[in-house]
Amino acid sequence: MQIAIISGKGGTGKSSISAAFATMEEQLVLVDCDVDAANLYLLFDPSHEEIEKFTGSEHAVINYTKCTNCAICIQFCRFDAIHLSKGMVSISEVACDGCRLCSRLCPVGAISNEPQNESRLYSGTFRNGKMVYGILAPGEENSGKLVNAVRDKALEVARAHQIETILIDGPPGIGCPVISTIVGVDMALIVTEPTLSGFQDLERIKAVLDHFQIPSLVLINKYDINKNISKEIESWCTHSDSLYIGKIPFDADFVKAMTEKKSIFEYQPEGTTSAELRRIYRKIKKNYNTQQ
Ligand code: SF4
Ligand code: SF4
Numbered sequence: 002m003q004i005a006i007i008s009g010k011g012g013t014g015k016s017s018i019s020a021a022f023a024t025m026e027e028q029l030v031l032v033d034c035d036v037d038a039a040n041l042y043l044l045f046d047p048s049h050e051e052i053e054k055f056t057g058s059e060h061a062v063i064n065y066t067k068c069t070n071c072a073i074c075i076q077f078c079r080f081d082a083i084h085l086s087k088g089m090v091s092i093s094e095v096a097c098d099g100c101r102l103c104s105r106l107c108p109v110g111a112i113s114n115e116p117q118n119e120s121r122l123y124s125g126t127f128r129n130g131k132m133v134y135g136i137l138a139p140g141e142e143n144s145g146k147l148v149n150a151v152r153d154k155a156l157e158v159a160r161a162h163q164i165e166t167i168l169i170d171g172p173p174g175i176g177c178p179v180i181s182t183i184v185g186v187d188m189a190l191i192v193t194e195p196t197l198s199g200f201q202d203l204e205r206i207k208a209v210l211d212h213f214q215i216p217s218l219v220l221i222n223k224y225d226i227n228k229n230i231s232k233e234i235e236s237w238c239t240h241s242d243s244l245y246i247g248k249i250p251f252d253a254d255f256v257k258a259m260t261e262k263k264s265i266f267e268y269q270p271e272g273t274t275s276a277e278l279r280r281i282y283r284k285i286k287k288n289y290n291t292q293q
């Protein structure tokens with residue numbers, strides 16, 4: 002069973018809810034696909050059994066012993082990554098797209114392409130099973146490609162250890178890394194919040210899930226900050242072929258739990274939010290089983 006927990010926007014509490022569900026399992030593969038801002042490893046402090054280099058893209062580098070300052074490369078770089086400064090041609094690593102055009106055009110072969118490989122893919126063990134996550138280095142590109150590598154590794158780990166449940170904490174938004182996160186999962190849980198922007202982003206992410214024919218469930222976090230919008234979301238779910246799975250109130254224990262490096266389920270197992278999350282998680286699994 003592969004479940005992705007996603008949200009159309011950041012700040013909905015998606016990762017805290019992923020952490021709570023993860024600690025309800027005795028043995029699972031927990032996957033953090035939010036490679037631009039992975040954070041579950043900070044909470045769970047996994048051991049690292051494997052660390053792999055990830056090469057996302059390349060950037061151009063000038064060999065100054067060959068460069069004649071002819072400026073041909075400046076003229077043709079459509080990413081405006083090459084400039085002449087203090088009599089020297091230089092390439093901005095941040096602006097360079099790695100298209101290799103300049104290295105093909107340089108008349109003296111002064112430009113080469115170096116792989117950007119500071120990003121890493123980690124896999125290891127934490128207190129409730131195995132954990133796989135990726136961290137994209139600042140300025141590096143191809144987060145969707147890294148998400149794909151993280152998901153492949155998670156499947157490999159699940160098969161090697163005969164673990165059935167793969168729980169994926171996805172990135173926010175509806176872009177390329179989100180699509181890499183959801184394609185091929187059995188279902189996606191959308192965590193939303195009752196604000197106008199939260200509601201709009203819910204509609205947008207639901208359209209993406211529909212496009213890829215992925216069954217969707219909706220959980221409203223902090224429903225009590227605006228009960229009217231919460232009701233609207235509940236009723237929207239019934240008309241949009243999204244299964245409304247439940248709601249939880251704003252709970253300061255999420256933050257307190259985090260400061261103790263625990264999920265809310267570990268911090269306050271008998272609390273009302275934990276009880277509701279436990280009920281919701283059972284419902285998600287039941288829903289999956291009836292689909293099989
Ligand atoms: S590789 Fe492409 S983007 Fe980078 S500096 Fe050369 S021409 Fe510009
Ligand atoms: S095209 Fe080659 S030789 Fe000309 S400025 Fe660029 S790097 Fe230097």
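Each residue of the sequence shown is one higher than the one before, starting from 2 at the first, in this note's numbering. Beta carbons are placed, not taken as given, at the ideal position from N, Cα and C, and that holds for glycine. Here the structure is a predicted model, which means the values were calculated and not measured.
Smallest Cα separation from residue i: which of the options?
i	options	result
alanine 155	Gly14, Tyr65, Thr126 and Ser91	Thr126
phenylalanine 80	Ala72, Ala96, Ala161 and Met89	Ala96
arginine 121	Gln28, Lys223 and Glu51	Glu51
asparagine 40	Tyr123, Ile215, Trp237 and Thr166	Tyr123
isoleucine 234	Ser264, Gln28 and Asp202	Asp202
glutamate 59	Thr66, Met2 and Ser113	Ser113
lysine 223	Gln3, Thr274, Met89 and Asn64	Thr274
serine 217	Arg205, Glu194 and Asp242	Asp242
glutamate 94	Lys87, His240 and Ala138	Ala138
valine 256	Ala161, Glu267 and Val192	Glu267
leucine 210	Ile226, Met89 and Val186	Val186
lysine 15	Ala189, Leu85 and Glu115	Ala189
glycine 88	Tyr65, Arg101 and Pro47	Tyr65
lysine 262	Ser91, Gly11, Arg128 and Gly99	Arg128
threonine 193	Phe251, Gln293 and Cys107	Phe251
isoleucine 63	Gln28, Gln76, Val109 and Tyr282	Val109
glycine 174	Ala5, Gly9 and Ile4	Gly9
Over the uninterrupted alpha helix (DSSP H) stretch that includes residue i, give me the two end residues.
i	result
lysine 18	It is worth fixing the name first, because residue 18 is isoleucine in this sequence and not lysine. First-last of the alpha helix (DSSP H) with isoleucine 18: 15-23.
glutamine 201	197-212
glutamate 1	Outside the displayed span of the chain (2 to 293) sits residue 1, for which this structure offers no information.
isoleucine 73	73-77
threonine 273	273-292
Is the distance from the Cβ of residue i to the Cβ of residue j below 8 Å?
i	j	result
leucine 44	alanine 20	yes
aspartate 170	aspartate 37	no
leucine 220	valine 32	no
cysteine 68	alanine 111	yes
valine 30	valine 158	yes
asparagine 1	threonine 56	Limits of the chain in this structure are 2 at one end and 293 at the other, which puts residue 1 out of reach.
cysteine 71	cysteine 103	no
isoleucine 285	isoleucine 7	no
methionine 2	threonine 166	yes
glycine 135	isoleucine 164	no
Under DSSP, the beta strand (DSSP E) around residue i begins and ends at which residues?
i	result
isoleucine 265	Looking at the DSSP string, isoleucine 265 is not in any beta strand (DSSP E); the run it does join, the alpha helix (DSSP H), is 265-268.
serine 113	112-117
proline 173	167-173
arginine 121	120-127
arginine 61	The question names arginine, but residue 61 in the sequence shown is alanine. Run containing alanine 61: 58-63, per the beta strand (DSSP E) assignment.
phenylalanine 55	48-55
aspartate 33	29-33
Given that a residue counts as buried once 16 or more other Cβ atoms are within 10 Å of its Cβ, and exposed if not, what is residue i?
i	result
lysine 207	buried
glutamate 141	buried
glycine 199	buried
alanine 253	exposed
leucine 85	exposed
glycine 143	Strictly speaking, residue 143 in this sequence is asparagine, with glycine absent from that position. Per the 10 Å Cβ criterion, buried.
alanine 161	exposed
leucine 147	buried
threonine 13	buried
proline 172	buried
Just the residues with CB closer than 6 Å to a heavy atom of ligand 1, in chain order, which are they?
Ala61, Cys78, Phe80, Ala82, Ile83, Ile92, Cys97, Asp98, Gly99, Cys100, Arg101, Leu102 and Cys103
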